[in-house]
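Q: Quick note on numbering: the sequence shown equals residues 1 to 291 in our numbering. Note that the Cβ used here is the ideal one computed from N, Cα and C, for glycine as well. Can you keep this structure in mind? I'll have questions shortly.
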Amino acid sequence: MSDPSEVLTHRRIHQSRDSLDTFQSAYNALKGKGRASTDEEWAVLEQLAISSMDLGKVEVAADCINKLSKKFPNSPRVEVLMGMLLEANGKEDEAKTFYERLLVKDSTNIPVLRRLMSLPSLTPQDRIPQLLKYLDVFYTDIDAWSLLSELYASLGLYTQALACISHPLLLAPQNPIHFLRQAETAYTAGDLPLAFKAYLLCLSLSEKSSDGKGMVVRCWFGLKTTIRALLSAPTSPSATGIPPPSVSTLKEFDLLATKWISKLYTSNSDISRDAKAAVMDGFLRGSSGQK
Numbered sequence: 001m002s003d004p005s006e007v008l009t010h011r012r013i014h015q016s017r018d019s020l021d022t023f024q025s026a027y028n029a030l031k032g033k034g035r036a037s038t039d040e041e042w043a044v045l046e047q048l049a050i051s052s053m054d055l056g057k058v059e060v061a062a063d064c065i066n067k068l069s070k071k072f073p074n075s076p077r078v079e080v081l082m083g084m085l086l087e088a089n090g091k092e093d094e095a096k097t098f099y100e101r102l103l104v105k106d107s108t109n110i111p112v113l114r115r116l117m118s119l120p121s122l123t124p125q126d127r128i129p130q131l132l133k134y135l136d137v138f139y140t141d142i143d144a145w146s147l148l149s150e151l152y153a154s155l156g157l158y159t160q161a162l163a164c165i166s167h168p169l170l171l172a173p174q175n176p177i178h179f180l181r182q183a184e185t186a187y188t189a190g191d192l193p194l195a196f197k198a199y200l201l202c203l204s205l206s207e208k209s210s211d212g213k214g215m216v217v218r219c220w221f222g223l224k225t226t227i228r229a230l231l232s233a234p235t236s237p238s239a240t241g242i243p244p245p246s247v248s249t250l251k252e253f254d255l256l257a258t259k260w261i262s263k264l265y266t267s268n269s270d271i272s273r274d275a276k277a278a279v280m281d282g283f284l285r286g287s288s289g290q291k
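Spelled out as structure tokens, the structure:
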């Protein structure tokens with residue numbers, strides 16, 4: 001796909017960012033190389049504005065946003081771009097005030113809410129009330145539930161974090177990433193039986209997923225670590241009432257995890273020999289109960 005207009009259309013449909021490629025494609029489309037049609041010219045201008053801000057080309061972005069604001073005065077989409085431009089220029093306080101003013105006009109403006117909640121200066125304590133209000137209206141926003149879970153976890157409020165993760169599990173039970181997040185949060189919270197169960201569910205779903213090997217690797221490593229902890233405390237309680245697996249079950253999965261990780265590190269030529277040896281030594285020590 002080499003035609004700039006086709007590339008940009010594909011990125012809009014699939015919500016793909018890739019700022020450098022988008023910038024180059026949008027620039028070429030607007031300058032006549034694979035020129036965008038009149039109907040899509042404004043959408044391309046928006047893509048150029050966003051990619052320019054990502055790349056620090058704020059003057060280009062400002063020019064694009066100025067053209068868009070003249071064409072579409074009082075457009076909510078353009079207003080979001082104006083706030084993003086304030087952020088790109090390092091005027092975060094002004095951006096925050098700007099977003100808050102827009103929300104007074106429309107408290108359900110999703111793009112503005114997202115921008116406000118993403119401001120780096122906002123603490124978890126600032127973001128959590130905003131997210132709760134947002135989710136009261138837009139319950140099915142999985143990303144918002146995931147972010148809320150991360151914010152609670154950052155404050156050490158793991159019970160609340162796990163409760164938030166339960167919503168994406170209900171909304172998209174076929175997506176293994178939610179079980180992975182549940183497993184990692186449960187492990188950190190000390191709920192080892194829940195972590196063990198969630199890692200297994202993640203592995204089961206990952207076999208049918210197109211997300212690649214990365215998630216499977218995280219699952220096996222997380223499962224191995226959880227098994228070590230459970231073997232050290234086989235009667236570890238679960239706040240969610242899940243009974244701990246038997247020692248024999250743990251040992252079976254421990255052997256399976258070790259074999260899988262061994263296969264990964266002995267077949268991956270991109271990993272140095274010393275790194276492979278160090279990792280495998282650590283896991284084999286863990287498997288044999290050595291400290």
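Of all the CB atoms in chain D, is at least one closer than 8 Å to the CB of K224?
A: Among the chains of the structure shown, chain D does not appear; only one protein chain is present.
Q: Taking just the CA atoms, how far does K251 sit from P120?
A: 44 Å
Q: Measure the alpha-carbon distance for V78 versus A161 and round it to whole angstroms.
A: 34 Å
Q: For Q174, does the three-state DSSP call read helix, strand or coil?
A: Secondary structure of Q174 (DSSP, three-state): coil.
Q: By DSSP, does L203 sit in helix, in strand, or in coil?
A: helix
Q: Does the distance from the C-beta atom of Y158 to that of T140 stay below 8 Å?
A: no
Q: Select from I110, R218 and N66 the residue whose C-alpha is nearest the C-alpha of S206.
A: R218
Q: What number of angstroms, rounded off, separates the C-alpha of R101 from the C-alpha of M82?
A: 13 Å
Q: Check for me: the alpha helix (DSSP H) holding G83 runs from which residue to which?
A: Counting along the chain, the unbroken alpha helix (DSSP H) around G83 starts and ends at P76 to A88.
Q: In this structure, does DSSP put P120 in helix, strand or coil?
A: In the structure shown, P120 falls within a coil segment according to DSSP collapsed to helix, strand and coil.
Q: Quick check on D143: does DSSP put it in helix, strand or coil?
A: Correct three-state label for D143: helix.
Q: Just to confirm my understanding: we take E46, look at its own chain, exclude 5 residues before and 5 after, and list those with CB closer than 8 Å. What are they?
A: C64, L68, R77 and L81
Q: Enumerated in chain order, which unbroken segments of the alpha helix (DSSP H) with a length of 4 residues or greater are wholly contained in the stretch 89 to 115?
A: Within the stretch 89 to 115, the complete alpha helix (DSSP H) runs of at least 4 residues are 92 to 105.
Q: Identify whether S166 lies in helix, strand or coil by the three-state DSSP scheme.
A: helix
Q: Looking at C-alpha atoms only, which residue of K197, S107 and S248 is the closest neighbour of T226?
A: K197
Q: Let me make sure I understand the geometry here. Which of V216, N28, E87 and I128 has the alpha-carbon closest to that of D3?
A: N28
Q: Kindly indicate which residue of T249, D21, I110 and L147 has the alpha-carbon position closest to the one of T123.
A: L147
Q: By how many angstroms is the C-alpha of K259 removed from the C-alpha of T266?
A: The straight-line gap from Cα to Cα measures roughly 10 Å.
Q: Relative to the C-alpha of L231, which residue among N66, G241 and L255 is closest?
A: The shortest C-alpha separation from L231 is found at L255.
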